[in-house]
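Chemist:
Protein chains: 2
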Amino acid sequence: MSEPSRGRQFRPLPVPNVKVSGFWGDRQEAVCDSTAETLLDRCVEAGMLDQIDVRKPSPGIVIPRHSGLVSTQMFWDSDLGKSIETIAYSLYRKPNPKLEARVDEIVDMYERLQAPDGYLNSWFQRIEPGRRWTNLRDTHELYCAGHLMEAAVAYYQATGKRKLLDIMCRYADHMIAVFGRRPGRLPGYCGHEEIELALVKLARVTGERKYLDLAKFFIDERGREPHFFTEEALRDGRDPEEFVFGTYEYNQSHMPVREQRKVVGHAVRAMYLYSGMADIATEYRDDTLTTALEALWRDLTDKQMYVTGGIGPAASNEGFTDYYDLPNESAYAETCASVGLVFWANRMLGRGPDRRYADVMEQALYNGALSGLSLDGRTFFYENPLESAGKHHRWKWHHCPCCPPNIARLVASIGAYMYGVADDEIAVHLYCESVAEATLGNGAKVKLAQETSYPWKGAIGIGVSLESPARFALSLRVPGWVKGASLTVNGEAIDLSAVTERGYARIERQWADGDRLQLHLPLAARAVWADPRVRQDAGRVAVLRGPLVYCAEAADNGPGLNSIVLTDGLEGARDKDLSGIPGAVAIEVPALRETAEGWGDGLYGESPPERREDRVVLVPYHLWDNRAPGEMLVWLRKENG
Amino acid sequence: MSEPSRGRQFRPLPVPNVKVSGFWGDRQEAVCDSTAETLLDRCVEAGMLDQIDVRKPSPGIVIPRHSGLVSTQMFWDSDLGKSIETIAYSLYRKPNPKLEARVDEIVDMYERLQAPDGYLNSWFQRIEPGRRWTNLRDTHELYCAGHLMEAAVAYYQATGKRKLLDIMCRYADHMIAVFGRRPGRLPGYCGHEEIELALVKLARVTGERKYLDLAKFFIDERGREPHFFTEEALRDGRDPEEFVFGTYEYNQSHMPVREQRKVVGHAVRAMYLYSGMADIATEYRDDTLTTALEALWRDLTDKQMYVTGGIGPAASNEGFTDYYDLPNESAYAETCASVGLVFWANRMLGRGPDRRYADVMEQALYNGALSGLSLDGRTFFYENPLESAGKHHRWKWHHCPCCPPNIARLVASIGAYMYGVADDEIAVHLYCESVAEATLGNGAKVKLAQETSYPWKGAIGIGVSLESPARFALSLRVPGWVKGASLTVNGEAIDLSAVTERGYARIERQWADGDRLQLHLPLAARAVWADPRVRQDAGRVAVLRGPLVYCAEAADNGPGLNSIVLTDGLEGARDKDLSGIPGAVAIEVPALRETAEGWGDGLYGESPPERREDRVVLVPYHLWDNRAPGEMLVWLRKENG
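Which chain is which? The protein sequence lines are A and B, in order. In terms of the numbering used here, the first sequence is residues 56 to 696. In terms of the numbering used here, the second sequence is residues 56 to 696.
(1) If you draw a straight line from the C-alpha of residue 131 (chain A) to the C-alpha of residue 332 (chain B), how long is it?
(2) Would you report the Cα separation of residue 16 (chain A) and residue 625 (chain A), rounded to the nearest angstrom?
(3) So residue 35 (chain A) and residue 245 (chain A) are in contact, right, with Cβ under 8 Å, and what is the actual spacing, rounded?
(4) Using a C-beta to C-beta distance shorter than 8 Å, which residues of chain A count as neighbours of residue 659 (chain B)?
(5) Taking the Cβ atom as the reference point for each residue, do residue 673 (chain A) and residue 636 (chain A) lie within a distance shorter than 7 Å?
(6) Measure from the alpha carbon of residue 403 (chain B) to the alpha carbon of each residue in B:455, B:323 and B:484, then state which is nearest.
(7) Spatial neighbours of residue 524 (chain B) within its chain, please: C-beta separation below 8 Å, excluding the five flanking residues on both sides.
(8) For residue 654 (chain A), which residues in chain B fall below 7 Å Cβ to Cβ?
(9) Taking 7 Å as the CB-CB cut-off, is residue 648 (chain B) touching chain A?
(10) Specify, as a first and last residue, the run of the alpha helix (DSSP H) that residue 98 (chain B) falls within.
(11) Look at residue 436 (chain A) and residue 443 (chain A) and say whether their C-beta atoms are less than 7 Å apart.
(12) Does the beta carbon of residue 440 (chain B) come closer than 7 Å to any beta carbon on chain A?
(13) Pick out whichever of B:450, B:667 and B:659 has its Cα sitting closest to the Cα of residue 646 (chain B).
(14) Taking residue 356 (chain B) as the query, report the chain A residues whose CB atoms sit under 7 Å from its CB, ordered along the chain.
(15) Going by other Cβ atoms of all chains shown within 10 Å of its Cβ, with 16 needed for buried, is residue 276 (chain A) buried or exposed?
(16) Would you be able to state if there are at least three C-beta pairs under 8 Å between the segment 588–598 of chain B and the segment 551–558 of chain B?
(17) Show which residues of chain A have a CB atom less than 7 Å away from the CB atom of residue 664 (chain B).
(18) When the Cα of residue 562 (chain B) is compared with those of B:577, B:576 and B:526, which residue comes out closest?
(19) Between residue 302 (chain A) and the ligand FAD, is there a pair consisting of the residue's CB and a ligand heavy atom that are separated by less than 6 Å?
(20) Just how far apart, CA to CA, sit residue 325 (chain B) and residue 340 (chain B)?
(21) Quick one: what does DSSP say residue 129 (chain B) is sitting in, helix, strand or coil?
(22) Using a Cβ-Cβ cutoff of less than 8 Å, which residues in the same chain neighbour residue 453 (chain B) once the five nearest sequence positions on both sides are dropped?
(23) According to DSSP, is residue 358 (chain B) helix, strand or coil?
(24) Residues of the segment 613–629 of chain B with a CB closer than 8 Å to any CB of chain A: list them in chain order, please.
(25) How should residue 390 (chain A) be labelled, buried or exposed, when 16 other C-beta atoms within 10 angstroms of its C-beta is the threshold for buried?
(26) In chain B, what lies closer than 8 Å to residue 692 (chain A) by C-beta?
(27) Taking the alpha-carbon of residue 224 (chain B) as reference, which of B:182, B:195, B:169 and B:144 has the nearest alpha-carbon?
(28) Output needed for residue 478 (chain A): all residues of its chain with C-beta closer than 6 Å, excluding positions within five of it in sequence on either side, in chain order.
(29) If you follow the alpha helix (DSSP H) that residue 477 (chain A) is part of, which residue opens it and which one closes it?
(30) Going by DSSP in three states, residue 230 (chain B) sits in which element: helix, strand or coil?
(31) Quick check: what's the CA-CA separation for residue 669 (chain A) versus residue 611 (chain A)?
(32) Taking 8 Å as the threshold, find out whether the segment 111–123 of chain A comes into contact with the segment 146–164 of chain A through three or more Cβ pairs.
(33) Would you decide whether residue 256 (chain B) is buried or exposed? Buried here means 16 or more other CB atoms lie within 10 Å of its CB.
(34) Using the rule of at least 16 other Cβ atoms within 10 Å of the residue's Cβ for burial, across every protein chain shown, is residue 393 (chain B) buried or exposed?
(35) Looking only at C-alpha atoms, which of A:529, A:74 and A:582 sits nearest to residue 600 (chain A)?
(36) Please confirm whether residue 195 (chain B) and residue 247 (chain B) have their CB atoms less than 7 Å apart.
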């Protein structure tokens with residue numbers, strides 16, 4: 056084993072550097088052809104442009120404040136930001152002058168809206184002027200800024216247009232003047248984390264370290280005493296005790312972040328915070344943050360994560376509850392939270408390849424996150440339960456429209472999650488038919504072409520193109536769930552056990568143009584049990600194949616999915632085409648089926664229901680509710696251990 | 056088999072006619088010694104007396120209107136009414152001059168409050184004068200009246216004092232002047248049923264048929280078109296569409312009651328309506344109501360009732376959802392709803408003994424209702440889930456304090472549920488150590504003394520005392536769950552199959568003083584499966600013994616109750632003393648136990664948890680959370696059918 060990865064710096068490739076086809080290419084097509092424009096249309100229908108356009112009268116309060124202080128209308132800048140970011144990524148893939156023109160118009164509106172001092176927030180400039188920076192705890196002021204920054208970076212990378220980027224740099228410069236520990240500055244941070252990771256993106260694209268420093272300031276201040284949110288409330292004439300979510304755990308400001316070891320509160324907030332912390336840990340090589348992050352990672356993945364990579368079981372706080380409390384039918388498991396987990400996992404790879412992070416990134420990506428977007432890119436899940444009685448369907452929109460653009464921007468930018476690049480190493484975290492262009496820290500320019508129909512099939516060919524031979528390490532993830540993986544380089548078999556470090560097969564050599572790797576990851580269906588402390592999964596198994604969690608749907612199995620009982624292992628399982636979804640693989644498994652036919656009238660009886668032999672068809676969880684509506688079940692009953 | 060029971064009239068015995076000891080006697084002691092006074096104390100602490108006492112300034116709106124129109128403060132008369140009713144029953148059992156004096160004072164306050172025209176409602180007289188009879192849909196105006204009527208009847212029967220009874224007769228007379236189909240009258244009814252059954256009680260104690268007629272009017276009007284609640288809203292300047300519960304199913308006014316076949320909406324409302332309908336069906340021999348009630352009964356008990364007799368799974372409407380939707384951990388199953396089911400079942404016996412009704416009455420009474428009251432009578436469940444992760448405990452009080460006095464008045468008046476008396480027949484519906492005095496319609500005066508420690512043991516001796524020999528039928532319920540019941544009369548064995556009609560052993564003969572029956576109901580533990588369409592109970596059994604549903608508690612079994620697996624039948628089960636609760640019977644059953652010990656770190660694994668042999672201790676559901684707090688589980692995992 057090599058040294059611990061601490062101290063190294065791996066950064067993602069810019070989105071335009073990876074041309075994606077295959078599985079993710081199809082999903083990106085749907086985002087380009089449908090979602091990108093849909094998002095903007097829905098934002099316009101909601102009246103968001105009326106709020107930012109200073110040429111129109113202020114719309115006033117359109118959406119009531121549901122908890123006294125907060126209204127989803129306060130976050131409209133973030134919805135526009137994420138939508139612009141999605142459109143930007145879609146433009147990398149498919150030019151769309153009409154859509155680009157619409158974004159340009161919105162950017163012009165923001166330019167007109169921006170205050171002379173750089174401040175920019177449509178709620179506080181148009182609805183509640185005079186209240187800026189008075190309630191960071193509740194009003195998402197910096198959160199909105201963060202999403203506009205991410206949009207600005209993406210739009211600049213997509214189009215080369217700097218206007219929005221310059222606007223957001225001016226705003227960031229204004230923040231640098233407002234926040235700080237010196238007298239007259241605000242020693243504050245946002246109630247909804249986001250600005251931290253956005254400032255890192257802004258710093259990376261502009262090369263300005265001052266934005267990194269501001270991100271680090273927000274992270275360093277969080278949870279310090281005297282507590283900023285308490286002081287702020289008192290200054291603002293509010294009772295600090297009157298906080299609708301009761302505890303500062305809700306926004307992870309209950310203690311300084313470096314002391315945190317338990318994942319608590321609002322799930323999306325937590326993921327965005329940890330993402331920002333991981334970025335700062337990488338950029339500053341700050342292992343006081345890494346120590347906290349590693350403990351938080353174990354806390355989340357060992358005790359609080361659905362098998363789908365869904366997180367945050369409760370609707371009440373949109374977040375975490377007790378260890379091992381993972382209800383399936385009432386799972387909140389917000390799409391945004393799994394998207395956020397992908398963000399965090401990806402950033403944990405900033406200190407070097409480690410399967411622990413990449414496996415969970417893939418798990419959350421293909422299951423809890425991707426389920427949030429319909430195949431056609433037009434409808435969206437907000438909650439992602441693991442069981443449905445048939446009434447849970449994707450929305451056209453949501454009163455809090457955070458999830459649609461979040462999953463859309465993730466899908467549209469998936470190329471950035473596939474690789475990590477350091478001075479002398481490229482790590483392949485995700486597999487998908489694609490071509491990537493990377494420039495290593497040592498200057499080597501490498502082109503990697505993946506040929507694969509992963510995740511449906513496990514054969515992955517990787518072609519290396521180089522202008523001139525170069526020495527570097529190519530690290531390929533061998534997922535933890537694989538049994539019997541194999542690898543050849545230029546036809547020569549590699550002993551994986553000899554070269555695998557932290558779950559990555561690390562091939563360090565002088566690479567030449569035309570070198571070719573062939574990785575095989577067997578994708579046999581496997582049954583998975585939950586820790587017996589998860590009461591909701593007791594006596595049940597989930598079936599997975601590769602990174603995909605499978606589920607039973609009424610569309611294939613009729614109603615009454617809890618009447619299905621698996622009694623043997625999955626030896627009798629076989630792959631099956633999934634009608635209507637080309638290339639997709641379903642799984643058919645022998646099972647027993649309990650029947651209500653001979654049951655009679657009474658609701659309770661002293662004999663068990665009759666059982667007959669049956670075969671159950673399972674489909675990938677992320678594809679559920681794309682055909683006919685109906686019941687769905689991930690955790691299937693399993694008897695005899 | 057005799058003729059269908061339709062056309063016959065069985066009425067309960069007045070509460071004072073049954074002296075209860077044994078199982079229910081102990082619970083009544085707790086109500087007399089603790090609950091009765093506790094209820095009144097809590098009503099006073101809540102400020103209810105300030106609202107009814109005209110010598111004090113009006114308290115104004117103390118409790119905010121949580122859904123725009125409704126506040127629990129509007130129901131305070133009902134809380135006082137049910138508390139007075141409970142106290143009245145407690146006075147039958149145990150004189151308590153201090154408590155009686157406190158009630159007298161409240162009655163005096165109501166006397167002073169009553170308007171010259173007879174109207175009486177503390178909210179509309181003291182908080183919102185001028186608004187009376189303007190919003191029957193939401194404001195519980197007649198509901199409050201109903202509970203004060205029930206209190207008046209009980210207090211009169213307990214003390215012989217007529218003052219509250221006279222007050223409520225004046226109020227009922229006022230209603231007769233207000234309601235009706237003639238011009239100038241209101242063709243209305245209450246959004247929360249209750250007045251109907253209360254008027255029947257008032258009619259029975261006063262002998263005034265006009266009160267029955269008014270009850271029948273409210274029932275006949277319900278759900279007719281043009282819809283009263285729609286017309287009323289328009290008259291009141293409200294938009295009828297702005298009904299927070301969305302549908303008139305919520306209060307069972309979606310169609311005329313005689314056309315209703317599906318149990319819908321708010322569970323307590325439904326039970327109170329059906330109770331009133333059953334009373335009117337009995338009093339008027341109105342079988343157009345009976346037909347609807349029988350269909351509603353099947354709908355509820357075959358498709359919508361927990362094994363505990365809990366009903367109404369959802370918190371959102373405090374009521375019914377879909378057929379076979381019976382979630383255990385999130386079960387609302389309000390105490391009041393099971394109490395209401397006892398009321399309804401009892402009234403379905405008005406047309407003659409029928410085990411279908413009495414079995415469910417007993418099931419709801421001993422489980423879903425009784426669980427609402429702690430052994431010491433001091434704390435109360437509002438929701439009665441069938442599974443708890445350990446955070447569900449009885450409250451000292453509740454912001455909507457409907458349940459505490461409801462279960463208390465049921466326990467304190469349980470004698471009235473034990474017997475049904477007709478012209479020439481006495482039916483014994485429930486068994487408990489007790490002495491009852493009944494006068495039959497034919498004039499015979501009968502005293503029945505039950506000697507039994509039921510429900511812990513199944514031997515029931517019944518002694519008959521008569522002033523002079525008399526011919527009548529004595530009908531003893533043989534519960535549907537019994538296997539191998541036996542009966543002797545004066546030592547002579549009776550062939551139960553020959554004399555059993557609708558589940559009652561009907562012994563019709565010339566009875567003489569000193570006659571003695573001995574009934575034996577074997578109480579072996581039995582496993583019960585749910586209809587396989589109840590997805591939440593799939594692969595699970597409930598264990599019952601006699602009428603009692605059993606559950607596992609952490610107090611006996613440690614945490615992780617879903618790691619318990621039953622694999623065989625209950626042949627290995629044995630009764631066991633329940634430490635700390637004299638007389639009570641626990642059950643010990645061999646089981647397998649899954650253990651987290653060898654599980655390791657990951658949340659998901661590819662091997663099942665290890666299992667070891669274990670014995671699980673089950674305790675009566677109604678007794679749970681009376682010892683140490685912790686997990687609870689009714690439906691235990693069961694493998695192999």
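Every residue gets a Cβ at the ideal spot worked out from N, C-alpha and C, and that includes glycine.
Modeler: According to the data block:
(1) Here residue 131 (chain A) refers to the residue found at position 76 of the first sequence. Here residue 332 (chain B) refers to the residue found at position 277 of the second sequence. In this structure, the CA atom of residue 131 (chain A) is about 53 Å from the CA atom of residue 332 (chain B).
(2) With chain A represented from 56 up to 696, any question about residue 16 (chain A) goes unanswered, as that position is not in the structure.
(3) Residue coverage of chain A in this structure runs from 56 to 696, which leaves residue 35 (chain A) outside it and unanswerable.
(4) Position 604 of the second sequence, counted from the first residue, corresponds to residue 659 (chain B). Those are 362, 583, 584, 585, 586 and 597, listed as they occur along chain A.
(5) In the first sequence, counting from the first residue as 1, residue 673 (chain A) sits at position 618. In the first sequence, counting from the first residue as 1, residue 636 (chain A) sits at position 581. No, Cβ-Cβ distance for residue 673 (chain A) and residue 636 (chain A) is not below 7 Å.
(6) Position 348 of the second sequence holds residue 403 (chain B). Per the Cα distances, B:484.
(7) Working through the second sequence from its first residue, we reach residue 524 (chain B) at position 469. Excluding positions up to five away in sequence, the list reads 565, 566, 567 and 568.
(8) Numbered from its first residue, the first sequence carries residue 654 (chain A) at position 599. In chain order: 586 and 587.
(9) The residue given as residue 648 (chain B) occupies position 593 in the second sequence. Not closer than 7 Å to any Cβ of chain A, the Cβ of residue 648 (chain B) fails to qualify, so no.
(10) Numbered from its first residue, the second sequence carries residue 98 (chain B) at position 43. For residue 98 (chain B), the enclosing alpha helix (DSSP H) starts and ends at 91–100.
(11) In the first sequence, the residue the question calls residue 436 (chain A) occupies position 381. In the first sequence, the residue the question calls residue 443 (chain A) occupies position 388. The answer is no: Cβ separation not under 7 Å.
(12) The residue you call residue 440 (chain B) lines up with position 385 of the second sequence. No, no contact with chain A.
(13) The residue given as residue 646 (chain B) occupies position 591 in the second sequence. The shortest Cα separation from residue 646 (chain B) among B:450, B:667 and B:659 belongs to B:667.
(14) Counted from its first residue, the second sequence places residue 356 (chain B) at position 301. Using a Cβ-Cβ cut-off of 7 Å, residue 356 (chain B) is close to 658 of chain A, given in chain order.
(15) As a position in the first sequence, residue 276 (chain A) is number 221, starting the count at 1. Flag for residue 276 (chain A) reads buried.
(16) no
(17) If you number the second sequence from 1, residue 664 (chain B) lands on position 609. The contacting residues are 584 and 587.
(18) As a first step, residue 562 (chain B) must be located in the second sequence, where it is residue number 507. Cα-wise, what sits closest to residue 562 (chain B) is B:526.
(19) Among the components of this structure there are no ligands whatsoever, and the ligand FAD is therefore not found.
(20) As a working note, residue 325 (chain B) is residue 270 in the second sequence. As a working note, residue 340 (chain B) is residue 285 in the second sequence. Spanning the two alpha carbons is a distance of roughly 21 Å.
(21) In the second sequence, the residue the question calls residue 129 (chain B) occupies position 74. Looking at residue 129 (chain B) - three-state DSSP - the assignment turns out to be helix.
(22) One-based indexing of the second sequence puts residue 453 (chain B) at position 398. Contacts found: 435, 437 and 459.
(23) Here residue 358 (chain B) refers to the residue found at position 303 when the second sequence is read from its first residue. Helix, per DSSP.
(24) 615, 616, 617, 618 and 620
(25) Taking the first residue of the first sequence as 1, we reach residue 390 (chain A) at position 335. Residue 390 (chain A) comes out buried.
(26) In the first sequence, the residue the question calls residue 692 (chain A) occupies position 637. Within 8 Å Cβ-Cβ: 593 and 594.
(27) Translated into positions along the second sequence, residue 224 (chain B) becomes position 169. With respect to the C-alpha of residue 224 (chain B), the residue from B:182, B:195, B:169 and B:144 having the closest C-alpha is B:169.
(28) On the first sequence, position 423 is the one that residue 478 (chain A) refers to. Closer than 6 Å at Cβ, skipping near neighbours: 496 and 497.
(29) As a first step, residue 477 (chain A) is located in the first sequence; it is residue number 422 there, counting from the start. Unbroken run through residue 477 (chain A): none, as it is neither H nor E.
(30) Your numbering for residue 230 (chain B) matches position 175 in the second sequence. Residue state, collapsed to three classes: helix.
(31) One-based indexing of the first sequence puts residue 669 (chain A) at position 614. One-based indexing of the first sequence puts residue 611 (chain A) at position 556. Spanning the two alpha carbons is a distance of roughly 12 Å.
(32) no
(33) The count along the second sequence starts at 1 and reaches residue 256 (chain B) at position 201. The Cβ neighbour count for residue 256 (chain B), taken over all protein chains shown within 10 Å, is at least 16; the residue is labelled buried.
(34) One-based indexing of the second sequence puts residue 393 (chain B) at position 338. It is buried - the Cβ of residue 393 (chain B) has at least 16 other Cβ atoms within 10 Å.
(35) Looking up residue 600 (chain A) in the first sequence gives position 545. The shortest Cα separation from residue 600 (chain A) among A:529, A:74 and A:582 belongs to A:582.
(36) The residue you call residue 195 (chain B) lines up with position 140 of the second sequence. The residue you call residue 247 (chain B) lines up with position 192 of the second sequence. In contact: residue 195 (chain B) and residue 247 (chain B) (Cβ atoms closer than 7 Å).
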